[in-house]
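Data first, discussion second: the structure below is written as structure tokens.
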Amino acid sequence: MSRAVRVDLFEGARIAFFSLSANRMRTVLTTVGIGIGVATLLAIVGIIQGLNSSFDKQLASMGTNSLYVSKFPWVMTGDWWMYRNRKNFTLPQLEQIRAQSSYISGMSPVVNRVGDVAFNGEQVSTVEITGATHEYLSVAAYQLQSGRPLTEADDAVTRPVVVLGSSVVGTLFSGLNPLGRTVRIDGHPFQVVGTLASKGKMLGNDQDLKVVMPFKTFYSTFGKGRGFSIAISIERSEDMKKAEDQLVGILRRVRATPPGAPDDFSINKPEMMAKTYEQLTGALFGVAVGVGFITLLVGGIGIMNIMLVSVRERTREIGIRRALGARKRTIVLQFLMEASAVSALGGLTGTIVGLGTAKILSLLTPLAADVQWITVVGGVAFAALVGLLFGIWPAARAANLDPVEALRYE
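Per full-length UniProt numbering, the very first residue in the sequence shown carries number 1; after that it's consecutive.
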């Protein structure tokens with residue numbers, strides 16, 4: 001950068017600073033439009049980023065290497081009766097799947113219902129009651145908090161034992177040790193042999209409001225009228241695609257699906273929910289960005305109008321500077337820096353307001369907020385760019401004033 005350019009930049013910055021200081025009210029009013037735009041954009045982006053981060057953690061809690069095979073897809077499209085009329089899985093099919101797959105590291109049948117769990121006069125309603133084998137906890141990424149997990153022996157002799165989720169433990173036992181105590185599930189007695197570490201919520205559903213009992217115990221207690229799904233874990237994450245492709249072929253064989261007929265099963269995985277979630281938040285993100293850009297556009301137009309007024313008010317000053325030898329480049333730099341400074345100030349103010357709003361919402365509501373530093377820098381930089389772009393016309397108009405006419409301006 002040449003010395004002349006450095007001098008022009010320094011002088012332009014100095015004059016722009018004194019001009020903004022001399023017109024404080026105008027400066028404040030000019031920054032409001034840009035500030036509102038940046039605040040709106042960052043507040044919504046911060047909430048969306050927070051939700052994305054929270055959702056990623058929730059998906060990881062389901063098991064990153066897990067697949068869930070069932071009659072119904074998690075994201076259902078088309079005719080519900082088509083899925084309803086699919087054949088139920090059978091235990092012999094499950095054993096054939098295990099024997100023929102080369103990628104499965106764990107597998108469990110899973111059957112669910114909603115029920116009430118009671119202990120010593122206290123009751124928890126709408127608890128997810130799960131019947132599964134001893135492999136289920138590891139497949140579904142549950143961690144044992146205390147006691148022991150379910151065993152093959154529990155399932156073999158239909159032992160009436162359960163492992164409780166942390167929300168059930170917290171509500172029913174209130175500081176008491178639940179191990180060895182008897183709870184009643186829809187009136188049936190079960191001994192507590194273990195408790196699970198907390199997994200948190202998944203799309204608003206409490207994953208800890210849960211009870212797990214042996215698979216055969218579930219059927220002997222509540223009847224065999226409902227079908228089960230299959231939870232499968234794959235040993236290595238890099239083999240997930242290969243395992244899924246192999247599993248499709250195995251399932252079609254063991255279920256005797258005719259050639260050319262559509263699959264009569266669904267292979268569900270966390271990525272399916274992630275894609276649906278991205279579609280939902282993507283639309284929201286697009287609307288938020290659109291609103292923010294429109295607000296920034298309105299703010300930019302306000303900056304341009306204010307700068308045009310400033311040019312008219314300082315016409316004589318510009319004429320004097322040009323008469324004393326100031327170049328057009330110097331005048332352009334001065335007004336561009338002034339417009340950028342006002343816009344950047346609005347962006348900084350909007351950033352503070354936007355981050356504060358997102359943080360307050362995260363504290364007062366279930367919405368999470370997590371703004372990345374690159375978003376903050378980008379918001380301020382973009383606001384400065386808006387000022388720069390909308391300041392070009394006023395700056396060019398000021399630089400192209402005729403010095404003689406400018407000196408005569410009253």
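The C-beta atom is built at its ideal place from N, Cα and C for all residues, glycine as well. None of these values were measured; they are calculated from a predicted model.
**Prompt:** Which residue's Cα is closest to the Cα of R329: G115, A399, R226 and V193?
**Reply:** Here residue 329 refers to the residue found at position 329 when the sequence shown is read from its first residue. Closest by alpha carbon: A399.
**Item:** Alpha-carbon to alpha-carbon, G194 and R226
**Value:** Numbered from its first residue, the sequence shown carries residue 226 at position 226. Numbered from its first residue, the sequence shown carries residue 194 at position 194. If you take the alpha carbons of R226 and G194, they lie about 26 Å apart.
**Asked** Where do the N-terminal and C-terminal ends of the beta strand (DSSP E) with L164 fall, by residue?
**Response** Residue numbering aside, residue 164 sits at position 164 when the sequence shown is read from its first letter. Here the beta strand (DSSP E) through L164 covers V161 to L164.
**Message:** Would you call the region 331 to 342 in contact with the region 67 to 76, where contact means no fewer than 3 C-beta pairs closer than 8 Å?
**Reply:** Contact between the region 331 to 342 and the region 67 to 76 is absent, with fewer than three C-beta pairs closer than 8 Å.
**Asked** Where F173 and V110 are concerned, what is the direct C-alpha to C-alpha distance, given to the nearest angstrom?
**Response** Along the sequence shown, one-based indexing puts residue 173 at 173. Along the sequence shown, one-based indexing puts residue 110 at 110. One alpha carbon belongs to F173, the other to V110, and they sit about 27 Å apart.
**Request:** State yes or no: is the C-beta of G347 within less than 9 Å of the C-beta of A395?
**Result:** Taking the sequence shown and counting its residues from 1, the one referred to as residue 347 is at position 347. Taking the sequence shown and counting its residues from 1, the one referred to as residue 395 is at position 395. With respect to A395, G347 sits apart: the two C-beta atoms are not nearer than 9 Å.
**Message:** Quick check: T287 and G33, are their CB atoms within less than 9 Å of each other?
**Reply:** The residue given as residue 287 occupies position 287 in the sequence shown. The residue given as residue 33 occupies position 33 in the sequence shown. Reading off the sequence, residue 287 comes out as Val, not Thr. Going by C-beta atoms, V287 is not nearer than 9 Å to G33.
**Prompt:** Could you check where the beta strand (DSSP E) with P258 kicks off and where it finishes?
**Reply:** The residue labelled residue 258 in the question sits at position 258 within the sequence shown. Unbroken run through P258: none, as it is neither H nor E.
**Message:** With H, G and I counted as helix, E and B as strand and the rest as coil, what does DSSP make of V5?
**Reply:** As a working mapping, residue 5 is identified with position 5 in the sequence shown. Only weak support exists for where V5 lies, its pLDDT of 48 falling under 50; the value from the coordinates is given anyway. If DSSP states are grouped into helix, strand and coil, V5 belongs with the helices.
**Message:** I'd like to check one pair, V124 with A118: are the Cβ atoms closer than 9 Å?
**Reply:** Locating residue 118 in the sequence shown gives position 118, counting from the first residue. Locating residue 124 in the sequence shown gives position 124, counting from the first residue. Cβ distance < 9 Å, so A118 and V124 count as in contact.
**Message:** Does F390 come out as helix, strand or coil in the three-state DSSP assignment?
**Reply:** Counted from its first residue, the sequence shown places residue 390 at position 390. Helix.
**Item:** Expected contact under 8 Å - CB spacing of W97 and V254 to nearest Å
**Value:** Here residue 97 is taken as the residue at index 97 of the sequence shown, counted from 1. Here residue 254 is taken as the residue at index 254 of the sequence shown, counted from 1. The sequence as given places Ile at residue 97; Trp does not occur at that position. About 6 Å separates the beta carbons of I97 and V254, which is inside the 8 Å limit, making them a contact pair.
**Message:** Measuring straight from C-alpha to C-alpha, what distance separates I303 and R312?
**Reply:** Start at 1 with the first residue of the sequence shown, and residue 303 comes out as number 303. Start at 1 with the first residue of the sequence shown, and residue 312 comes out as number 312. Take the alpha-carbon of I303 and the one of R312: they are about 14 Å apart.
**Asked** Is V139 closer than 9 Å to K106 when the C-beta atoms are compared?
**Response** Here residue 106 corresponds to residue number 106 of the sequence shown, with the count starting at 1. Here residue 139 corresponds to residue number 139 of the sequence shown, with the count starting at 1. A quick correction: the sequence has Gly, not Lys, at residue 106. At the C-beta level, G106 and V139 come within 9 Å of one another.
**Message:** Please report the straight-line C-alpha distance between Q49 and V376, rounded to a whole angstrom.
**Reply:** For the purposes of this step, residue 49 is taken as the residue at position 49 of the sequence shown. For the purposes of this step, residue 376 is taken as the residue at position 376 of the sequence shown. So the alpha carbons of these two residues sit roughly 12 Å apart.
**Asked** By DSSP, does V69 sit in helix, in strand, or in coil?
**Response** Numbered from its first residue, the sequence shown carries residue 69 at position 69. Strand at V69.
**Prompt:** If you drop the 5 nearest sequence neighbours on each side, which residues of the same chain put their C-beta closer than 8 Å to that of I250?
**Reply:** On the sequence shown, residue 250 is found 250 positions in, with the first residue counted as 1. For I250, the CB contacts under 8 Å within the same chain, skipping 5 residues up- and downstream, are Q96, I97, Q100 and S101 in chain order.
**Asked** Between which two residues does the beta strand (DSSP E) containing P92 stretch?
**Response** Locating residue 92 in the sequence shown gives position 92, counting from the first residue. Judged by DSSP secondary structure, P92 falls outside any beta strand (DSSP E) and instead within the alpha helix (DSSP H) spanning L91 to Q100.
**Request:** Determine the burial state of M82: buried for a count of at least 16 other Cβ atoms within 10 Å of its Cβ, exposed for fewer.
**Result:** Numbered from its first residue, the sequence shown carries residue 82 at position 82. By the neighbour-count criterion, in which a residue is buried when 16 or more other Cβ atoms sit within 10 angstroms of its Cβ, M82 is exposed.
**Asked** Quick one, are the C-beta atoms of E128 and R113 less than 9 Å apart?
**Response** Reading the sequence shown from its first residue, position 128 is the one you call residue 128. Reading the sequence shown from its first residue, position 113 is the one you call residue 113. Between E128 and R113, the C-beta gap is smaller than 9 Å, which places the two residues in contact.
**Message:** Less than 9 Å between the beta carbons of A269 and L67, yes or no?
**Reply:** As a first step, residue 269 is located in the sequence shown; it is residue number 269 there, counting from the start. As a first step, residue 67 is located in the sequence shown; it is residue number 67 there, counting from the start. The question names Ala, but residue 269 is Lys in the sequence shown. Their beta carbons are under 9 Å apart, which means K269 touches L67 by this criterion.
**Message:** In whole angstroms, give me the CA-to-CA distance for T351 and V168.
**Reply:** Translated into positions along the sequence shown, residue 351 becomes position 351. Translated into positions along the sequence shown, residue 168 becomes position 168. In this structure, the CA atom of T351 is about 42 Å from the CA atom of V168.
**Request:** Kindly give me the distance between the Cβ atoms of G37 and T349, rounded to whole angstroms, as I take these residues to be in contact under 8 Å.
**Result:** The residue labelled residue 37 in the question sits at position 37 within the sequence shown. The residue labelled residue 349 in the question sits at position 349 within the sequence shown. Not confirmed; about 11 Å, so no contact.
**Request:** Just list the beta strand (DSSP E) runs in the region 120 to 152, keeping only unbroken ones of 3 residues or longer that don't cross its boundaries, in chain order.
**Result:** Secondary structure in the region 120 to 152: the beta strand (DSSP E) runs of 3 residues or longer, each lying completely within the stretch, are 122 to 132 and 144 to 147 in chain order.
**Prompt:** In chain order, what residues of the same chain lie with their CB nearer than 8 Å to the CB of T281, ignoring the 5 residues before and after it?
**Reply:** Residue numbering aside, residue 281 sits at position 281 when the sequence shown is read from its first letter. Cβ-Cβ distances below 8 Å link T281 to I48, L51 and N52 in the same chain, with the five nearest sequence neighbours on each side left out; the list follows chain order.
**Asked** By a C-beta neighbour count over all protein chains shown, 10 Å radius and 16 as the cutoff for buried, is K242 buried or exposed?
**Response** For the purposes of this step, residue 242 is taken as residue 242 along the sequence shown, with counting starting at 1. Exposed: under 16 other Cβ atoms inside 10 Å.
**Request:** Please look up how many angstroms separate the CB atoms of R148 and P214, rounded, as I've assumed it's under 8 Å.
**Result:** Taking the sequence shown and counting its residues from 1, the one referred to as residue 148 is at position 148. Taking the sequence shown and counting its residues from 1, the one referred to as residue 214 is at position 214. Taking C-beta atoms under 8 Å as the contact rule, R148 and P214 fail to qualify, at a distance of about 13 Å.
**Request:** Take the Cβ of T182 as the centre, count every other Cβ of all protein chains shown within 10 Å, and call the residue buried at 16 or more, exposed below.
**Result:** For the purposes of this step, residue 182 is taken as residue 182 along the sequence shown, with counting starting at 1. A residue is called buried once 16 or more other Cβ atoms fall within 10 Å of its Cβ, and T182, having fewer, is exposed.
**Request:** Decide if K210 is buried, meaning its Cβ has at least 16 other Cβ atoms within 10 Å, or exposed.
**Result:** Your numbering for residue 210 matches position 210 in the sequence shown. Classification of K210: buried, given that the 10 Å Cβ count is 16 or more.
**Request:** Keeping to the same chain, check which residues put their C-beta closer than 7 Å to that of F285; ignore five residues upstream and five downstream.
**Result:** Numbered from 1 along the sequence shown, position 285 holds the residue referred to as residue 285. Within the same chain, F285 has close Cβ partners I48.
**Request:** Let me know the secondary structure DSSP gives R84 once reduced to three states.
**Result:** The count along the sequence shown starts at 1 and reaches residue 84 at position 84. If DSSP states are grouped into helix, strand and coil, R84 belongs with the helices.
**Cα-Cα separation, V5 to L41** = Locating residue 5 in the sequence shown gives position 5, where the first residue counts as 1. Locating residue 41 in the sequence shown gives position 41, where the first residue counts as 1. Residue confidence is low: V5 scores 48 on pLDDT, short of 50, so the model does not pin down where it sits. No coordinate-derived value is stated.
**Request:** Mark I44 as exposed unless 16 or more other C-beta atoms lie within 10 angstroms of its C-beta, in which case mark it buried.
**Result:** As a first step, residue 44 must be located in the sequence shown, where it is residue number 44. The residue in question, I44, is buried, as its Cβ has 16 or more Cβ neighbours within 10 Å.
**Option in D264, A323 and G200 with minimal Cα separation from R84** = Along the sequence shown, read from residue 1 onward, the residue named residue 84 stands at position 84. The candidate whose alpha carbon is nearest that of R84 is D264.
**Message:** Looking only at its chain, what residues have a beta carbon closer than 6 Å to the beta carbon of N65, apart from the 5 residues adjacent to it on each side?
**Reply:** By 1-based counting over the sequence shown, the position of residue 65 is 65. S233, I234 and S237.
**Message:** Going by C-alpha to C-alpha distance, which of D206, G180, D154 and E152 sits closest to S146?
**Reply:** Taking the first residue of the sequence shown as 1, we reach residue 146 at position 146. When each option's Cα is compared against that of S146, the closest is G180.
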